[in-house]
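Accompanying notes for the structure given below.
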Amino acid sequence: ASKVYQVPLILVEYGMGDLLVNSLGLTSNGKDIVEWASMVQRMNESKEKVPIAVVGKYVELPDSYISVTEALDHAGLYSDRDIEIQWIHSEDIEREGPDSLLKTACGIVVPGGFGPRGVNGMIKTAHYARKNKIPYFGLCLGLQVMVVE
């Protein structure tokens, strides 16, 4: 689990949970922290690994896609799978083709982006996913290139 998900548990361990609840005038039955601890424990358990390719323009800066990363992590938690993100630059798809770069992906996400750079690689990715019956999730520009393909 990401360390950030463990922070509430650490706060409770040091008595900060009750302090915050009392200071803010809230009520708590403690049930939420039990569920939270269970979620963190599930995050740390070994699970079946599922490789998902994220094909985009800004993959050298993964924080550009932090909402996609978190959504995939939560989908993995919900489905009891360990999502392994494979970051693939859409321009690499343009140069090398999708076959070797996407062959291990069980699913493909193509997030948004701006401008024409890398769009042909995204179109090739959508085509590859359709021809090989690989689940494809297009966000913004990723959906637009799927329609174009």
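Counting from 33, one number per residue, gives the positions in the sequence shown under our numbering.
Just so it is clear, CB atoms sit at the ideal spot from N, CA and C, and this is done for glycine as well.
Bear in mind that the values here come from a model prediction, so they are computed numbers and not experimental data.
A residue is called buried once 16 or more other Cβ atoms fall within 10 Å of its Cβ, and Y46, having fewer, is exposed. Burial of V87 is indicated by the presence of at least 16 other C-beta atoms within 10 angstroms of its C-beta.
Assignment of alpha helix (DSSP H) within the segment 117-155, counting only whole runs of 4 or more residues, yields 122-128 and 130-134 in chain order. Residue state for E80 is assigned as strand, using DSSP reduced to three classes. Closest in alpha carbon position to C138, among G153, D114 and F146, is D114.
The three-state reading of DSSP puts D64 in helix, counting H, G and I together. Contact between T157 and I125 holds: their C-beta atoms lie close to 6 Å from each other, under 8 Å. Inter-residue distance for E181 and A161 is about 11 Å (C-alpha atoms, whole angstroms). Using a 10 angstroms sphere on the CB of S111, the tally of other CB atoms stays under 16, which defines it as exposed.
By the Cβ neighbour-count rule, G62 is exposed, with fewer than 16 other Cβ atoms within 10 Å of its own. Residues of the same chain with a CB within less than 8 Å of the CB of L171, apart from the 5 flanking positions on each side, are V100, V141, V142, P143 and G144 in chain order.
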